[in-house]
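> In order, the protein sequence lines correspond to chains A and B.
For the first sequence, this note's numbering assigns the number 273 to the initial residue and increments by one for each residue that follows.
For the second sequence, this note's numbering assigns the number 19 to the initial residue and increments by one for each residue that follows.
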Amino acid sequence: MEKKLAMVIDSFACIDCKACQAACKEANKVPKGQWRNWIKTPDVEAVAKNGKRMLFQPGNCMQCEKPTCVEACPTGATYKDPLDGTVRIDRRLCIGCGQCLPACPYGARYRHPELKVADKCDFCAERRSNGLEPACVSTCPNKARVFGDLNDSGSMVRKLLETGNAVQIVNNKSNTDPHIYYLGDPGAKDWPVKAQMPSAFAFWKNLAGPVMKGFVGLSALGVGAMLVKQFMMPNDTPNKKDEGGNKDA
Amino acid sequence: MHNRMIKRHDQPSILIHWFNAACWFFLLATGLGLISNPALQPIVQWWPKLMRDLFGGGAALLKVHIIVGVVWAGIWLIFIIAGIARYTLPFLKQIMTYKLPRDIQWMIKKNIQMTLGYKNMARMVKLLGWNGEIPDQGFYNAGQKAAAVGMIAGAVVLVVTGVIMAISKVYLSSAQTPLVQWSITIHYMAAAVTFGILLIHIYMAAISSEERPAFISMFTGEVPEEYARHHHKLWYEKVDI
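1. Can you tell me where the beta strand (DSSP E) with G51 of chain B in it begins and where it stops?
2. For I152 of chain B, which residues in the same chain have their Cβ closer than 7 Å to its Cβ, ignoring the five residues on either side in sequence?
3. Please state whether DSSP places K519 of chain A in a helix, a strand or coil.
4. Could you check what DSSP says for R22 of chain B in three-state terms: helix, strand or coil?
5. Straight-line CA distance for L45 of chain B to G101 of chain B?
6. Compare the C-beta of Q502 of chain A against all C-beta atoms of chain B and say whether one is closer than 8 Å.
7. Considering just the uninterrupted stretch of the alpha helix (DSSP H) at T133 of chain B, what are its terminal residues?
8. Mark G172 of chain B as exposed unless 16 or more other C-beta atoms lie within 10 angstroms of its C-beta, in which case mark it buried.
9. Any Cβ of chain B within less than 8 Å of the Cβ of D508 of chain A?
10. Under a Cβ-count criterion, where at least 16 other Cβ atoms within 10 Å of its own Cβ denotes burial, should A294 of chain A be classed as buried or exposed?
11. Assuming contact is defined by CB atoms lying nearer than 8 Å, are Y454 of chain A and L433 of chain A in contact in what I supplied?
12. Do K392 of chain A and C333 of chain A count as a contact pair if the criterion is CB distance below 8 Å?
13. Kindly indicate if chain B contains any beta-carbon less than 8 Å away from that of D356 of chain A.
14. Cα separation between H249 of chain B and E255 of chain B?
15. What would DSSP say about I523 of chain A, mapped onto helix, strand or coil?
16. Taking all protein chains shown into account, do 16 or more other C-beta atoms lie within 10 angstroms of the C-beta of A272 of chain B, making it buried, or fewer, making it exposed?
17. Name the chain B residues that come within less than 7 Å of W607 of chain A, Cβ to Cβ?
18. Hey, does A472 of chain A have any beta-carbon neighbour from chain B nearer than 8 Å?
19. Specify, as a first and last residue, the run of the beta strand (DSSP E) that Y351 of chain A falls within.
20. Shorter than 8 Å from the beta carbon of Y158 of chain B to some beta carbon of chain A?
21. If we ignore side chains and look at the alpha-carbon of each, how far apart do Q59 of chain B and L50 of chain B end up?
22. Can you list the residues of chain B that V439 of chain A reaches, using a CB-CB cut of under 8 Å?
23. Comparing C-alpha positions only, which one of A:K466, A:M498, A:N444 and A:F419 sits nearest to D282 of chain A?
24. Taking 8 Å as the cut-off, does the segment 187-195 of chain B touch the segment 371-389 of chain A (at least 3 CB pairs, one atom from each stretch)?
25. At the level of alpha carbons, what is the spacing between A57 of chain B and C345 of chain A?
26. Which of the three DSSP states, helix, strand or coil, is assigned to K312 of chain A?
27. Look at the alpha carbon of W90 of chain B and the alpha carbon of N38 of chain B, and state the distance between them as a whole number of angstroms.
28. Rounded to the nearest angstrom, what separates A166 of chain B and P354 of chain A at their Cα positions?
29. With three or more C-beta pairs closer than 8 Å as the rule, is the segment 307-316 of chain A touching the segment 380-394 of chain A?
30. Secondary structure at Q329 of chain A, three-state DSSP: helix, strand or coil?
31. Does P346 of chain A have its Cβ less than 8 Å from a Cβ in chain B?
32. Exposed or buried, which one is D121 of chain B when buried takes at least 16 other CB atoms within 10 Å?
33. To the nearest angstrom, how far is it from the Cα of D28 of chain B to the Cα of A472 of chain A?
34. Counting along the chain, where does the alpha helix (DSSP H) carrying D71 of chain B start and finish?
35. Please determine, among A:M484, A:V439 and A:G459, the residue with the shortest C-alpha to C-alpha distance to V319 of chain A.
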């Protein structure tokens, strides 16, 4: 049975030390100025004003069940791995058009400045293939990040989810069913950014696609009509007076 | 009448035609195979899968699509430049020269005749005050000329957008990605338009009995005198036999 890899992150345990970000950069050779993961910190002023506390909210690609980035890719260069449920990028098929970037509500994707293809967290696919956990998970000093297979009933992530305390942080208008769950007090459950389909993609899907199908359909209809006529009137010839054509038209 | 054969196409024209046709089908098949997104795939979802299985994955499919595209455009570029005086300019002049009243009448009458027959056509165009005679045409008829303009325009758009997509990963920055995104959409649209024209072209050439001699001439280079006189009279009258 295939896996459904996920993370459960405990905001209580996170101390915003950024070790996960450093470990990720190191493990995945993430270029300068770019990050595959992040820690969202509370708005200090807001916390001071209303006294409502919020803890740190570490994140990375959520390996969503319904990934809008995959929906925005024309070629399947970004796809959901059927074996482990992670969202992956085929760097050789990707041409770096960047349509998946705004399609991710979490901003998990960036265009790699040297490779010029989309890049993001893949739960450390390379480390996993060597039997290791993702770098951010291994390195976290407080073990705020728990990683595992939701389809494995004995896994820690499954047990944590079964407590009923874990929440997803999603945008209500574009719920992608993310596979990162939060414990503790990660802040508002409503993610402020909505997934955006790029205009060129939306134009293709909603207008150019149907119009072009209509055009080719009309052409095929014309061919069909000519074909029917060819069978119905096999001896269709001009009137005798037309023989020789009409030069004065 | 003695039905002699008249030279219509020379060897290079025939070769580039079939080279073009082969590339066009290959690029159409592989291009459709690259669209695996179910929201965009216009035909069937198993086609991208079949193409990827055939070529060993999506990345290999993309590579072979680009290589054949470059070879196709490259050979054409050489042909266009090397044949500028002999082929390119005369061809462009031919397909862009329209005698408007005659060609519009031809377009309307021929379309009706091809679908409803001569008698119905004659009856219908009477309403426009025209007789039932189809106006004489030159080396290319009005339909062929319009199709050629459409195919060339489509090919230019396909090449330009194709090049933009192919260099995206090499030269283009993040700020230039909207150009790549629109190139993908426009590439698809140009391919669809040319495919629509191609359907008519293939019907005329390979299926229509009227144009059978033209199809054969795409191999032999020659058409029967009677065919030339009937279908391309203005050209026929200028040819030395």
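Virtual Cβ for every residue (Gly too), placed ideally from N, Cα, C.
Reading off the structure:
1. For G51 of chain B, no beta strand (DSSP E) run applies; the uninterrupted alpha helix (DSSP H) run containing it begins and ends at Q29 to L52, by DSSP.
2. Around I152 of chain B, the same chain offers W124, K127, K128 and Q131 as residues with beta carbons nearer than 7 Å, after the five sequence neighbours per side are excluded.
3. Its pLDDT being 44, under 50, K519 of chain A is placed unreliably by the model, and nothing is read from it.
4. DSSP places R22 of chain B in coil when its eight states are reduced to three.
5. Rounded to whole angstroms, L45 of chain B and G101 of chain B show a C-alpha spacing of 24 Å.
6. Residue contact check for Q502 of chain A against chain B: a CB pair falls below 8 Å.
7. Unbroken alpha helix (DSSP H) run through T133 of chain B: L118 to L134.
8. Flag for G172 of chain B reads buried.
9. Taking Cβ atoms only, chain B reaches closer than 8 Å to D508 of chain A, which makes this a yes.
10. Taking a 10 Å sphere around the C-beta of A294 of chain A, we find fewer than 16 other C-beta atoms and assign the residue as exposed.
11. No, Cβ-Cβ distance for Y454 of chain A and L433 of chain A is not below 8 Å.
12. Between C333 of chain A and K392 of chain A, the CB-CB gap stays under 8 Å.
13. No, its Cβ sits nowhere closer than 8 Å to a Cβ of chain B.
14. In this model, H249 of chain B and E255 of chain B are separated by some 12 Å (Cα to Cα).
15. Because chain A spans 273 through 521 in this model, residue 523 of chain A falls outside it and cannot be assessed.
16. This structure gives no information on residue 272 of chain B, because the portion of chain B shown stretches from 19 to 259.
17. Outside the shown range of chain A, which is 273 to 521, sits residue 607 of chain A, and nothing can be said about it.
18. Chain B contact via Cβ: present.
19. Here the beta strand (DSSP E) through Y351 of chain A covers T350 to K352.
20. For Y158 of chain B, the answer is no, since every Cβ of chain A falls outside 8 Å of its Cβ.
21. One alpha carbon belongs to Q59 of chain B, the other to L50 of chain B, and they sit about 7 Å apart.
22. Per Cβ cutoff of 8 Å: no residues; V439 of chain A is ~30 Å from chain B at best.
23. Of the candidates A:K466, A:M498, A:N444 and A:F419, the one whose C-alpha sits nearest the C-alpha of D282 of chain A is A:F419.
24. Taking one beta carbon from each stretch, the segment 371-389 of chain A and the segment 187-195 of chain B have 3 or more pairs nearer than 8 Å; the two touch.
25. In this model, A57 of chain B and C345 of chain A are separated by some 10 Å (Cα to Cα).
26. DSSP places K312 of chain A in strand when its eight states are reduced to three.
27. Cα to Cα, the separation comes out at about 7 Å.
28. One C-alpha to the other measures close to 46 Å.
29. Taking 8 Å as the limit for Cβ pairs, the verdict is that the segment 307-316 of chain A does touch the segment 380-394 of chain A.
30. Looking at Q329 of chain A - three-state DSSP - the assignment turns out to be strand.
31. Answer yes: the Cβ-Cβ gap between P346 of chain A and chain B drops below 8 Å somewhere.
32. D121 of chain B should be labelled buried.
33. Taking the straight line joining both Cα atoms gives about 43 Å.
34. W64 to F73 is the span of the alpha helix (DSSP H), which, as asked, contains D71 of chain B.
35. Ranking A:M484, A:V439 and A:G459 by Cα distance to V319 of chain A puts A:G459 first.
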